[in-house]
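In this note's numbering, the protein residues as written are 89 to 245.
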């Protein structure tokens, strides 16, 4: 009987943290973040965003066209994680990025280039924690022209 209790205790110790993480109950649950240069770009709710990015494949004149590369060698930017989620909690110089709805106002519009359409950047993403669309939004925010960022910060006064 004692062995059974030990086994159950060990099983719960292994299963509960995984289940809590799966359902978003653990402190390890997070939203995506990406350190580029001296800034950490954090995917956040649109209401708390410093920069809002809209992903619109049909935009006639997007601010940035991104192509998803098939291999790291074909990419201008490569994002590969080691299986552990990024920890944004203690990052310095954090900028929050929100993804705007299709019809919402945005600071920057991103389109994914396909076929022979030209692209400004090619990115390669292999991650368990950041979807290619999220990586594209964070990358686009980090590469948004500085004058747009300055105009955005002036609106808060």
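Every residue gets a Cβ at the ideal spot worked out from N, C-alpha and C, and that includes glycine. Keep in mind the model is a prediction, meaning the values are calculated, not measured.
Just tell me which of 138, 213, 153 has its CA closest to the CA of residue 205. Residue 205 has its Cα closest to that of 153, out of 138, 213, 153.
Sequence-distant residues of its chain with Cβ nearer than 6 Å to residue 182 (five each side left out): 128, 130
Applying the 10 Å Cβ sphere with the 16-neighbour rule, what's the burial state of residue 168? exposed
So, helix, strand or coil for residue 199, using DSSP? strand
Exposed unless 16 or more other CB atoms sit within 10 angstroms - verdict on residue 216: exposed
For residue 212, count the other beta carbons within 10 Å of its own beta carbon; 16 or more makes it buried, fewer makes it exposed. Which is it? With 16 or more Cβ atoms within 10 Å of its Cβ, residue 212 is classed as buried.
Nearest to residue 120 (by Cα), restricted to the options 231, 175, 190: 175
Considering only C-alpha positions, which residue in the set 219, 185, 202, 192 is nearest to residue 228? 185
Skipping 5 residues on each side, what residues in its chain have a beta carbon closer than 6 Å to that of residue 219? none
Alpha-carbon to alpha-carbon, residue 224 and residue 150: 13 Å
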